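Data first, discussion second: the structure below is written as C-alpha coordinates.
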Amino acid sequence: MQAMVLAARGGPLVLEKRPDPRPAAGEICLRVEACGVCRTDLHIVDGELPDIRLPVVPGHEIVGIVEALGPGVTSHRLGQRVGVPWLGHTCGACPYCSTHRENLCDRPVFTGHSRDGGFATHAVADAAYAFALDGFHDPIAAAPLLCAGLIGWRSLKLAGDGRRIGLYGFGAAAHIITQVCRWQGRDVYAFTRPGDAAAQAHALSLGARWAGSSSDPPPEFLDAAILFAPVGALVPAALRAVRKGGRVVCGGIHMSDIPAFPYRLLWEERQVLSVANLTRQDAVEFLSVAPAAGVITTTKVYPLAAANQALSDLRAGRFQGAAVLVP
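In our numbering, the protein residues as written are -11 to 315.
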(Lines of atoms letter the chains of each structure in order from A and count residues from 1; the text may use other names and numbers.)
(Lines give C-alpha, C1' and ligand atoms only; values in the text may rest on other atoms or scores of the structure.)
Protein backbone atom coordinates (compact mmCIF):
# COMPACT_ATOMS: atom_id res chain seq x y z
CA MET A 1 0.00 0.00 0.00
CA GLN A 2 0.93 3.67 -0.26
CA ALA A 3 0.25 6.33 2.34
CA MET A 4 0.88 10.02 2.91
CA VAL A 5 2.54 10.10 6.34
CA LEU A 6 3.01 12.91 8.85
CA ALA A 7 6.27 12.23 10.70
CA ALA A 8 6.63 15.51 12.59
CA ARG A 9 4.45 18.45 13.54
CA GLY A 10 4.37 21.01 10.78
CA GLY A 11 4.67 18.45 8.00
CA PRO A 12 5.00 18.04 5.13
CA LEU A 13 3.34 14.69 4.47
CA VAL A 14 5.63 12.17 2.79
CA LEU A 15 4.52 9.41 0.43
CA GLU A 16 5.57 6.03 1.80
CA LYS A 17 5.22 2.46 0.62
CA ARG A 18 4.11 0.10 3.39
CA PRO A 19 3.04 -3.53 3.70
CA ASP A 20 -0.66 -4.06 3.12
CA PRO A 21 -2.44 -3.90 6.49
CA ARG A 22 -4.29 -6.85 8.00
CA PRO A 23 -7.35 -6.38 10.18
CA ALA A 24 -7.28 -7.64 13.76
CA ALA A 25 -10.29 -9.00 15.62
CA GLY A 26 -13.26 -6.70 15.22
CA GLU A 27 -11.63 -4.75 12.39
CA ILE A 28 -12.08 -4.41 8.64
CA CYS A 29 -9.57 -3.50 5.94
CA LEU A 30 -10.68 -1.11 3.21
CA ARG A 31 -9.40 -0.30 -0.22
CA VAL A 32 -9.75 3.47 -0.06
CA GLU A 33 -11.77 4.96 -2.91
CA ALA A 34 -11.76 8.54 -1.65
CA CYS A 35 -10.87 10.51 1.47
CA GLY A 36 -11.99 14.03 2.21
CA VAL A 37 -9.53 16.66 3.37
CA CYS A 38 -10.82 18.37 6.51
CA ARG A 39 -9.74 21.46 8.41
CA THR A 40 -9.04 19.12 11.33
CA ASP A 41 -6.30 17.59 9.17
CA LEU A 42 -4.72 21.04 9.06
CA HIS A 43 -4.88 21.25 12.85
CA ILE A 44 -3.19 17.84 13.05
CA VAL A 45 -0.43 18.75 10.60
CA ASP A 46 0.13 22.05 12.42
CA GLY A 47 0.31 20.29 15.80
CA GLU A 48 -2.62 22.27 17.23
CA LEU A 49 -4.34 19.21 18.71
CA PRO A 50 -3.10 17.23 21.72
CA ASP A 51 -2.03 13.57 21.84
CA ILE A 52 -1.34 13.14 18.12
CA ARG A 53 0.32 9.79 17.43
CA LEU A 54 3.36 10.30 15.26
CA PRO A 55 4.02 9.13 12.68
CA VAL A 56 0.42 9.07 11.54
CA VAL A 57 -1.54 8.85 8.30
CA PRO A 58 -4.14 11.66 8.43
CA GLY A 59 -7.62 11.52 6.94
CA HIS A 60 -10.97 10.79 8.58
CA GLU A 61 -13.54 11.16 5.80
CA ILE A 62 -12.88 7.73 4.32
CA VAL A 63 -14.97 5.94 1.72
CA GLY A 64 -13.78 2.51 0.69
CA ILE A 65 -14.55 -1.07 -0.24
CA VAL A 66 -14.21 -3.81 2.35
CA GLU A 67 -11.43 -6.16 1.23
CA ALA A 68 -10.83 -8.16 4.43
CA LEU A 69 -12.73 -8.96 7.61
CA GLY A 70 -11.00 -9.49 10.93
CA PRO A 71 -12.02 -12.35 13.23
CA GLY A 72 -15.50 -11.96 14.63
CA VAL A 73 -16.76 -9.34 12.18
CA THR A 74 -20.30 -10.04 10.99
CA SER A 75 -21.59 -6.46 10.56
CA HIS A 76 -20.01 -5.95 7.14
CA ARG A 77 -19.44 -7.99 4.02
CA LEU A 78 -16.64 -8.24 1.49
CA GLY A 79 -17.10 -5.84 -1.41
CA GLN A 80 -19.34 -3.50 0.59
CA ARG A 81 -18.84 0.26 0.40
CA VAL A 82 -18.45 1.80 3.86
CA GLY A 83 -17.54 5.13 5.42
CA VAL A 84 -15.15 5.72 8.30
CA PRO A 85 -15.40 9.00 10.26
CA TRP A 86 -13.35 10.83 12.90
CA LEU A 87 -14.59 8.77 15.86
CA GLY A 88 -12.67 5.53 15.45
CA HIS A 89 -13.30 3.78 18.77
CA THR A 90 -14.59 4.45 22.27
CA CYS A 91 -14.04 2.61 25.52
CA GLY A 92 -17.71 1.78 26.14
CA ALA A 93 -17.20 1.88 29.91
CA CYS A 94 -16.57 5.48 31.05
CA PRO A 95 -19.38 7.63 32.49
CA TYR A 96 -19.90 9.30 29.11
CA CYS A 97 -20.11 6.11 27.06
CA SER A 98 -22.48 4.56 29.59
CA THR A 99 -24.86 7.53 29.27
CA HIS A 100 -25.02 7.62 25.45
CA ARG A 101 -22.43 10.43 25.14
CA GLU A 102 -19.64 8.50 23.46
CA ASN A 103 -18.51 11.66 21.71
CA LEU A 104 -17.09 12.68 25.12
CA CYS A 105 -15.42 9.32 25.81
CA ASP A 106 -12.50 9.47 28.25
CA ARG A 107 -10.41 7.06 26.16
CA PRO A 108 -11.32 7.67 22.52
CA VAL A 109 -9.44 6.72 19.37
CA PHE A 110 -9.66 9.18 16.49
CA THR A 111 -9.14 8.26 12.85
CA GLY A 112 -6.13 9.97 11.30
CA HIS A 113 -5.03 11.23 14.72
CA SER A 114 -4.46 8.35 17.15
CA ARG A 115 -4.76 5.65 14.50
CA ASP A 116 -3.88 5.76 10.82
CA GLY A 117 -6.48 7.27 8.54
CA GLY A 118 -7.43 7.46 4.90
CA PHE A 119 -4.70 9.44 3.13
CA ALA A 120 -3.66 6.07 1.74
CA THR A 121 -4.60 3.32 -0.67
CA HIS A 122 -5.74 1.08 2.21
CA ALA A 123 -6.97 1.63 5.76
CA VAL A 124 -7.97 -0.47 8.75
CA ALA A 125 -10.96 0.51 10.88
CA ASP A 126 -12.94 -0.75 13.84
CA ALA A 127 -15.94 -2.43 12.21
CA ALA A 128 -18.30 -1.05 14.88
CA TYR A 129 -17.38 2.51 13.85
CA ALA A 130 -17.68 2.07 10.09
CA PHE A 131 -20.98 2.77 8.35
CA ALA A 132 -22.57 1.07 5.38
CA LEU A 133 -22.86 3.31 2.32
CA ASP A 134 -24.87 0.90 0.20
CA GLY A 135 -27.00 3.68 -1.31
CA PHE A 136 -24.13 6.04 -2.04
CA HIS A 137 -22.82 5.37 -5.53
CA ASP A 138 -20.22 8.15 -5.84
CA PRO A 139 -17.38 7.78 -3.30
CA ILE A 140 -16.00 11.25 -4.06
CA ALA A 141 -19.33 12.93 -3.39
CA ALA A 142 -19.85 10.87 -0.22
CA ALA A 143 -16.46 11.52 1.40
CA PRO A 144 -17.18 15.03 2.79
CA LEU A 145 -20.32 13.72 4.47
CA LEU A 146 -18.17 11.68 6.88
CA CYS A 147 -16.99 14.72 8.85
CA ALA A 148 -18.09 18.02 7.34
CA GLY A 149 -21.58 16.59 7.10
CA LEU A 150 -21.60 14.78 10.44
CA ILE A 151 -20.17 17.65 12.49
CA GLY A 152 -22.41 20.07 10.63
CA TRP A 153 -25.41 17.90 11.50
CA ARG A 154 -24.49 17.69 15.19
CA SER A 155 -23.92 21.47 15.24
CA LEU A 156 -27.30 22.08 13.64
CA LYS A 157 -29.02 19.89 16.23
CA LEU A 158 -27.40 21.88 19.03
CA ALA A 159 -28.45 25.12 17.35
CA GLY A 160 -32.08 24.27 18.04
CA ASP A 161 -35.23 24.62 15.98
CA GLY A 162 -34.96 28.30 15.04
CA ARG A 163 -35.75 29.38 11.49
CA ARG A 164 -32.96 31.90 10.88
CA ILE A 165 -29.56 30.18 11.00
CA GLY A 166 -26.26 31.99 10.53
CA LEU A 167 -23.26 30.03 9.23
CA TYR A 168 -19.84 31.62 9.81
CA GLY A 169 -17.19 30.20 7.49
CA PHE A 170 -18.66 28.91 4.25
CA GLY A 171 -16.60 25.83 3.52
CA ALA A 172 -17.22 22.10 3.42
CA ALA A 173 -19.55 21.84 6.42
CA ALA A 174 -21.54 24.98 5.71
CA HIS A 175 -22.22 24.13 2.07
CA ILE A 176 -23.68 20.78 3.17
CA ILE A 177 -25.70 22.12 6.09
CA THR A 178 -27.12 24.96 3.99
CA GLN A 179 -28.81 22.32 1.85
CA VAL A 180 -30.15 20.51 4.92
CA CYS A 181 -31.49 23.78 6.36
CA ARG A 182 -33.28 24.62 3.13
CA TRP A 183 -34.82 21.12 3.05
CA GLN A 184 -36.03 21.74 6.61
CA GLY A 185 -37.56 25.06 5.62
CA ARG A 186 -35.03 27.25 7.40
CA ASP A 187 -33.39 30.48 6.21
CA VAL A 188 -29.59 30.51 5.98
CA TYR A 189 -27.43 33.59 6.43
CA ALA A 190 -23.89 32.90 5.20
CA PHE A 191 -20.88 34.78 6.57
CA THR A 192 -17.58 34.53 4.67
CA ARG A 193 -14.11 36.00 4.78
CA PRO A 194 -14.29 39.71 3.90
CA GLY A 195 -14.24 40.15 0.15
CA ASP A 196 -14.78 36.47 -0.67
CA ALA A 197 -17.29 37.02 -3.44
CA ALA A 198 -16.89 33.45 -4.73
CA ALA A 199 -17.92 31.91 -1.41
CA GLN A 200 -20.85 34.31 -1.11
CA ALA A 201 -22.00 33.42 -4.62
CA HIS A 202 -21.67 29.73 -3.77
CA ALA A 203 -23.83 30.20 -0.67
CA LEU A 204 -26.52 32.02 -2.61
CA SER A 205 -26.50 29.37 -5.33
CA LEU A 206 -27.28 26.76 -2.66
CA GLY A 207 -30.28 28.69 -1.40
CA ALA A 208 -28.90 30.99 1.30
CA ARG A 209 -31.25 33.91 1.96
CA TRP A 210 -28.31 36.30 2.47
CA ALA A 211 -24.53 36.18 2.12
CA GLY A 212 -21.99 38.70 3.30
CA SER A 213 -18.79 39.35 5.17
CA SER A 214 -18.21 38.02 8.68
CA SER A 215 -17.65 41.65 9.69
CA ASP A 216 -21.15 42.64 8.55
CA PRO A 217 -24.31 42.40 10.66
CA PRO A 218 -27.09 40.27 9.15
CA PRO A 219 -30.19 42.07 7.85
CA GLU A 220 -32.22 40.69 10.78
CA PHE A 221 -31.50 38.97 14.07
CA LEU A 222 -30.65 35.27 13.90
CA ASP A 223 -32.22 32.50 15.97
CA ALA A 224 -28.86 30.72 16.10
CA ALA A 225 -25.40 30.89 14.60
CA ILE A 226 -22.91 28.10 13.89
CA LEU A 227 -19.21 28.88 13.66
CA PHE A 228 -17.29 26.61 11.33
CA ALA A 229 -14.41 29.07 10.93
CA PRO A 230 -11.78 28.50 13.69
CA VAL A 231 -11.68 32.20 14.56
CA GLY A 232 -12.40 33.08 18.18
CA ALA A 233 -13.13 36.72 17.32
CA LEU A 234 -16.29 35.55 15.56
CA VAL A 235 -17.89 34.46 18.85
CA PRO A 236 -18.73 38.00 20.04
CA ALA A 237 -19.68 38.93 16.49
CA ALA A 238 -22.14 36.06 16.37
CA LEU A 239 -23.51 36.96 19.82
CA ARG A 240 -24.28 40.42 18.47
CA ALA A 241 -26.14 38.82 15.57
CA VAL A 242 -28.43 36.45 17.50
CA ARG A 243 -31.70 37.41 19.17
CA LYS A 244 -32.50 37.17 22.86
CA GLY A 245 -32.34 33.52 23.88
CA GLY A 246 -30.32 32.68 20.77
CA ARG A 247 -27.47 30.19 20.55
CA VAL A 248 -23.95 30.39 19.17
CA VAL A 249 -22.54 26.94 18.39
CA CYS A 250 -18.79 26.52 17.89
CA GLY A 251 -18.46 23.60 15.49
CA GLY A 252 -14.68 23.27 15.22
CA ILE A 253 -12.29 21.05 17.15
CA HIS A 254 -9.82 23.94 17.48
CA MET A 255 -10.28 27.71 17.57
CA SER A 256 -8.10 30.74 18.20
CA ASP A 257 -8.63 32.45 21.54
CA ILE A 258 -11.98 34.12 22.10
CA PRO A 259 -11.40 37.80 22.94
CA ALA A 260 -12.96 39.46 25.96
CA PHE A 261 -16.41 40.84 25.30
CA PRO A 262 -18.98 42.73 27.36
CA TYR A 263 -21.43 40.65 29.37
CA ARG A 264 -24.21 42.56 27.63
CA LEU A 265 -23.65 40.39 24.54
CA LEU A 266 -24.31 37.20 26.51
CA TRP A 267 -27.11 38.56 28.67
CA GLU A 268 -30.78 37.91 27.82
CA GLU A 269 -30.15 34.18 27.95
CA ARG A 270 -27.95 33.87 24.92
CA GLN A 271 -25.81 30.73 24.95
CA VAL A 272 -22.39 29.72 23.64
CA LEU A 273 -22.01 25.97 23.02
CA SER A 274 -19.28 23.76 21.61
CA VAL A 275 -19.52 20.57 19.59
CA ALA A 276 -17.13 17.74 20.42
CA ASN A 277 -16.65 14.90 17.95
CA LEU A 278 -19.76 12.87 17.08
CA THR A 279 -21.68 9.79 18.08
CA ARG A 280 -22.52 6.80 15.95
CA GLN A 281 -26.16 7.80 16.25
CA ASP A 282 -25.29 11.13 14.60
CA ALA A 283 -23.91 9.16 11.67
CA VAL A 284 -26.98 6.92 11.42
CA GLU A 285 -29.24 9.98 11.42
CA PHE A 286 -27.28 12.07 8.98
CA LEU A 287 -26.61 9.31 6.47
CA SER A 288 -30.39 9.00 6.11
CA VAL A 289 -30.98 12.77 6.09
CA ALA A 290 -28.40 13.58 3.39
CA PRO A 291 -30.06 11.63 0.55
CA ALA A 292 -33.54 12.66 1.70
CA ALA A 293 -32.47 16.31 1.58
CA GLY A 294 -30.87 15.82 -1.83
CA VAL A 295 -27.48 17.00 -0.58
CA ILE A 296 -25.01 17.47 -3.43
CA THR A 297 -21.42 18.06 -2.38
CA THR A 298 -19.11 20.41 -4.26
CA THR A 299 -15.69 18.77 -4.48
CA LYS A 300 -12.21 19.44 -5.81
CA VAL A 301 -10.33 16.21 -6.49
CA TYR A 302 -6.61 15.67 -5.90
CA PRO A 303 -4.48 12.56 -6.40
CA LEU A 304 -3.16 11.00 -3.20
CA ALA A 305 0.38 12.26 -3.80
CA ALA A 306 -0.94 15.85 -3.92
CA ALA A 307 -2.21 15.79 -0.34
CA ASN A 308 0.12 18.63 0.67
CA GLN A 309 -1.24 20.80 -2.13
CA ALA A 310 -4.81 19.99 -1.07
CA LEU A 311 -4.01 21.07 2.49
CA SER A 312 -2.36 24.25 1.25
CA ASP A 313 -5.34 25.09 -0.96
CA LEU A 314 -7.72 24.44 1.94
CA ARG A 315 -5.75 26.74 4.20
CA ALA A 316 -5.84 29.52 1.60
CA GLY A 317 -9.49 29.00 0.63
CA ARG A 318 -8.66 28.37 -3.02
CA PHE A 319 -11.73 26.24 -3.76
CA GLN A 320 -15.40 26.02 -2.89
CA GLY A 321 -16.84 23.05 -1.01
CA ALA A 322 -14.50 20.23 -0.05
CA ALA A 323 -11.20 18.75 -1.19
CA VAL A 324 -11.10 14.99 -1.77
CA LEU A 325 -8.06 12.75 -2.26
CA VAL A 326 -8.43 9.82 -4.67
CA PRO A 327 -5.74 7.11 -4.57
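Ideal Cβ placement from N, Cα and C applies to all residues, glycine included. Note that the structure is a prediction, hence the values are computed from the model and not measured.
Between the options, which has its C-alpha nearest residue i's C-alpha?
{"i": "residue 121", "options": "166, 188, 52", "result": "52"}
{"i": "residue -4", "options": "44, 244, 19, 3", "result": "44"}
{"i": "residue 19", "options": "4, 69, 110", "result": "110"}
{"i": "residue 95", "options": "79, 104, 108", "result": "79"}
{"i": "residue 180", "options": "171, 202, 87", "result": "202"}
{"i": "residue 259", "options": "280, 116, 236", "result": "236"}
{"i": "residue 238", "options": "63, 154, 280", "result": "154"}
{"i": "residue 149", "options": "264, 172, 127", "result": "172"}
{"i": "residue 0", "options": "305, 304, 298, 267", "result": "298"}
{"i": "residue 105", "options": "37, 50, 246", "result": "50"}
{"i": "residue 275", "options": "295, 142, 306, 196", "result": "142"}
{"i": "residue 146", "options": "5, 264, 204, 246", "result": "264"}
{"i": "residue 42", "options": "267, 88, 209, 101", "result": "101"}
{"i": "residue 300", "options": "27, 9, 7", "result": "27"}
Could you check the C-alpha separation between residue i and residue j for me, to the nearest Å?
{"i": "residue 16", "j": "residue 289", "result": "26 Å"}
{"i": "residue 81", "j": "residue 229", "result": "41 Å"}
{"i": "residue 130", "j": "residue 31", "result": "22 Å"}
{"i": "residue 99", "j": "residue 35", "result": "16 Å"}
{"i": "residue 319", "j": "residue -9", "result": "The structure shown does not extend to residue 319, since the chain spans only -11 to 315, so no value can be given for it."}
{"i": "residue 85", "j": "residue 269", "result": "13 Å"}
{"i": "residue 72", "j": "residue 113", "result": "7 Å"}
{"i": "residue 314", "j": "residue 234", "result": "41 Å"}
{"i": "residue 92", "j": "residue 75", "result": "10 Å"}
{"i": "residue 217", "j": "residue 231", "result": "21 Å"}
{"i": "residue 160", "j": "residue 311", "result": "8 Å"}
{"i": "residue 69", "j": "residue 22", "result": "11 Å"}
{"i": "residue 138", "j": "residue 212", "result": "18 Å"}
{"i": "residue 192", "j": "residue 206", "result": "14 Å"}
{"i": "residue 125", "j": "residue 48", "result": "19 Å"}
{"i": "residue 278", "j": "residue 168", "result": "7 Å"}
{"i": "residue 261", "j": "residue 189", "result": "29 Å"}
{"i": "residue 308", "j": "residue 182", "result": "15 Å"}
{"i": "residue 287", "j": "residue 119", "result": "21 Å"}
{"i": "residue 62", "j": "residue 97", "result": "22 Å"}
{"i": "residue 64", "j": "residue 90", "result": "22 Å"}
{"i": "residue 281", "j": "residue 170", "result": "8 Å"}
{"i": "residue 304", "j": "residue 83", "result": "40 Å"}
{"i": "residue 291", "j": "residue 55", "result": "21 Å"}
Since residue i and residue j should fall inside the 8 Å C-beta cutoff, what is the C-beta to C-beta distance between them, to a whole number of angstroms?
{"i": "residue 164", "j": "residue 136", "result": "6 Å"}
{"i": "residue 166", "j": "residue 133", "result": "Not a contact, Cβ separation roughly 14 Å."}
{"i": "residue 215", "j": "residue 157", "result": "7 Å"}
{"i": "residue 12", "j": "residue 58", "result": "5 Å"}
Going by the DSSP bridge assignment, what does residue i pair with across the sheet?
{"i": "residue 175", "result": "152"}
{"i": "residue 138", "result": "The partner list for residue 138 (beta bridge, DSSP) is empty, contrary to what the question assumes."}
{"i": "residue 243", "result": "BP columns for residue 243 are empty, so no partner."}
{"i": "residue 161", "result": "DSSP lists no partner for residue 161."}
{"i": "residue 235", "result": "212, 259"}
{"i": "residue 17", "result": "56, 112"}
Is the stretch 217 to 225 in contact with the stretch 248 to 261, if contact means three or more CB pairs nearer than 8 Å?
Taking 8 Å as the limit for Cβ pairs, the verdict is that the stretch 248 to 261 does touch the stretch 217 to 225.
Taking 8 Å as the threshold, find out whether the stretch 172 to 191 comes into contact with the stretch 235 to 246 through three or more Cβ pairs.
No: fewer than three Cβ pairs fall under 8 Å.
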